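When we follow the working numbering, the leftmost residue of the sequence shown carries the number -13, and every step to the right adds one.
To start, the structure itself, in structure tokens.
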Amino acid sequence: MSHPHPELSEPPALPEGGLRVIPLGGLGEVGRNMTVFEYDGRLLIVDCGVLFPEDHHPGVDLILPDFGPIRDRLDRVEALVLTHGHEDHIGATPYLLRERGDIPLVGSELTLALLDPKLREHRLKETVHHKVKEGDRLSLGPFDLEFVAVNHSIPDALAVAIRTGAGMVLHTGDFKMDQLPLDGRITDLRAFARLGEEGVDLFLTDSTNAETPGFTPAETSITPVIDRVFRESSQRIIVACFASHVHRVQQVLDAAHAHERQVAYVGRSMVRNMAIARDLGYLKVPPGTLVDTKDLADLPPQHQVLISTGSQGEPMSALSRIAQRNHNFVHIEEGDTVLLASSLIPGNENAVYRVINGLARWGARVVHKGNALVHVSGHASAGELLYCYNIVRPRNVLPVHGEMRHMLANRDLAKATGVENVVVAEDGVVVDLVDGVASITGKVDCGYVFVDGSSVGDITESDLKDRRILGEEGFISVIVVMDSVSGKVSAGPEIHARGFVEDAVDFEEIKQPIIDALDRAVAEGNTDTYQLQQTVRRVIGRWVSGTHRRRPMIIPVVIES
């Protein structure tokens, strides 16, 4: 990934008494959230999440933050603070702990509980856990942390105030200001105001919905829509949502109980996460409502509800396999209802609509955000952000968690309330807080780290480019044998193609031009095998481009005999 600020160089040494902020993910994108705070030679990390790949990342499973800028200083990390349990905030934690396995973890009860199975899957030893809740304070080295309740689309989310000798930082994490949350846990605006009176020197605020005017609707506004779907459905209902969306699952369980239906979970992450949420008391399951999937099949369709993963059209998810009719035991029937109770993450549109079309083809009625109010955001809209700026009154603002357009909109909101210094940065751009003023002081090398199966960081942008060419244009291989004595072509060119409608292409006309080009190259003194291969590549590349208007991958092989 090319850096967006080529004019910036490495930052100078941090002045004594200053605080350095190094975003390694989450600024300029929605996902991969990770921010490093440095004070007095010690480091504190807030969040360590993943970014999910898009169509232009073929074969990639996950995208991680780049730990490179702090890899040689991991022994100075006091702790990793996790604001909440979503994958884009905790998913990369096992990969960080592979590099230093004893980093203390700080988070709420649910957040740490959702993380534990991931650590076990990676066969990591349990590190020190600091389980915290709103109102708690915790000192770690030079960092004094205070935790504040915030409302989000997952329970037990926390903002964190970080006090250092350089001043106080308030990091909201992901939040909104739902005044009627399902669990009754609202964003603690009194704590925000109290911290503002003490003096917030740097305010890191969620930018995701900064372009959206007004206030984000309450979760309870969806309840009547879900109830209507249940009331109007005469056969089985399948609900797809994020495996971490405890509130949405709670609404579905309540509706199922009210309409005398029974519920089963489909998808490993859904089963695991909801079991954790239930055991910890964050999910209230009405008596007799939850059954095993295999037992659900014995009930009449009008009494069945399935809660599934796959709301983003993930190819291997339960819902995608259901839409393709290759799920082990769930098969769509005429008259079934499918409820996609989630937002549509940018970049996933084609995958989601492919699933919707597949479900509709088998006769299902699909209810989604495009035709019903079945999801509300977990992020604060512009009206809520303005409210926060007015009660916190920060001296400096650093918008986080969002694409550039979101962060710029957040900047404008902050300035509208009278904040004079708003710093808009991106991943790798270093921001220092010195003498109460935040400013950009340099950059660190910070790119994407791709997870491809068991490989972490071995795949490069060049590899992905090759994969895209192979997938879109196909490839041609050319094998030529050269006589090492005479320098003449003794066999070939032998040309093979794949993914290039090879049956319709006659390569005979290009064979002689390849031989002629090699003869000229040898006559000019170019006998190096690599140079001869590049000659073959250029000749056939120009021919394919001019004749067929294609740009396949070309693999030339020149062998000396």
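Ideal placement from N, C-alpha and C gives every residue a C-beta, glycine not left out.
Here the structure is a predicted model, which is why all the values come from computation and not from measurement.
So, under 8 Å CB-CB, residue i and residue j are touching, yes? Tell me the CB distance rounded to an integer number of Å.
i	j	result
Ile56	Val22	6 Å
Gly114	Pro90	It should be pointed out that residue 114 corresponds to Val in this sequence rather than to Gly. Rounded, the Cβ-Cβ distance is 4 Å, consistent with contact.
Ser294	Leu282	The Cβ separation is near 12 Å, so there is no contact.
Val232	Leu292	Rounded, the Cβ-Cβ distance is 17 Å, inconsistent with contact.
Thr521	Ala507	5 Å
Leu100	Gly54	With a Cβ gap of about 27 Å, Leu100 and Gly54 do not count as contacting.
Phe129	Glu64	6 Å
Ser193	Gly388	3 Å
Ile426	Val409	6 Å
Ala327	Arg234	5 Å
Gly344	Glu320	Incorrect: roughly 14 Å between the Cβ atoms, too far for contact.
Ala196	Ala368	6 Å
Ile540	Gly527	6 Å
Thr202	Val362	6 Å
Considering only residues of the same chain and omitting the five flanking positions on each side of residue i, which have a CB-CB separation below 6 Å?
i	result
Cys374	none
Ile501	Val475
His108	Pro80
Gln290	Arg222, Leu282
Thr515	Val544
Return the bridge partner residues of residue i from the DSSP annotation.
i	result
Asn137	Lys162
Leu50	Val435
Tyr251	Ile293
Arg351	Thr323
Pro479	DSSP, once it has assigned bridges, lists no residue as partnering Pro479.
Asp418	Arg6, Ser425
Ser463	His482, Ile541
Ile223	Val291, Thr323
Tyr375	Paired residues: none, contrary to the question.
Asn407	Asn382
Gly388	Leu13, Glu15
Ser367	Asn195
Val67	Val32, Val92
Among residues of its own chain, excluding the 5 on either side of residue i, which ones have a beta-carbon nearer than 7 Å to its beta-carbon?
i	result
Thr513	Gly473
Leu239	Val249, Val271, Pro272, Thr275
Ile377	Leu175, Phe178, Ala179, Gly182
Gly127	Arg28, Glu64
His(-11)	Note that His(-11) scores a pLDDT of 45, beneath 50, so its modelled location is shaky; the value from the coordinates is reported in the next line. Result list for His(-11): Gly414, Lys429, in chain order.
Ser255	Ala229, Thr295
Glu85	Phe53, Arg57, Leu60
Leu359	Ser207, Ile208, Val211
On the CB-based measure, 16 or more other CB atoms within 10 Å of its CB, does residue i come out buried or exposed?
i	result
Met(-13)	Per-residue confidence for Met(-13) stands at a pLDDT of 35, beneath the threshold of 50, marking its modelled position as unreliable; no derived number is given.
Gly4	buried
Ala411	buried
Ile545	exposed
Leu166	exposed
Asp492	exposed
Tyr25	buried
Arg247	buried
Asp431	exposed
Gly153	buried
Thr173	buried
Pro199	exposed
Leu168	buried
Lys111	exposed
Ala366	buried
Ser94	buried
Arg214	exposed
His75	buried
Return the chain-ordered list of same chain residues with a C-beta closer than 8 Å to the C-beta of residue i, the five sequence neighbours on each side being excluded.
i	result
Ser547	Val467, Met468, Asp469, Ser470, Ser476, Ala477
Ser531	Arg537
Ala490	The predicted model places Ala490 with a pLDDT of 45, which falls under 50 and marks its position as unreliable, so this point remains unresolved.
Do the segment 104 to 112 and the segment 78 to 88 make contact, defined as three or more Cβ pairs closer than 8 Å?
-> Taking 8 Å as the limit for Cβ pairs, the verdict is that the segment 78 to 88 does touch the segment 104 to 112.
Examine the Cβ distances between the segment 408 to 420 and the segment 217 to 232 and report whether three or more of them are shorter than 8 Å.
-> The segment 408 to 420, when compared against the segment 217 to 232, does not touch it at the 8 Å Cβ threshold.
Touching or not, the segment 375 to 393 and the segment 347 to 363, by the rule of three or more beta carbon pairs under 8 Å?
-> No, they do not touch.
Segment contact, 8 Å Cβ cut-off, at least three pairs: the segment 29 to 39 with the segment 0 to 14 = The segment 29 to 39 vs the segment 0 to 14: in contact.
On the three-pair Cβ rule with 8 Å, is the segment 197 to 207 touching the segment 397 to 410?
-> Because the criterion of three Cβ pairs below 8 Å is not met, the segment 197 to 207 and the segment 397 to 410 do not touch.
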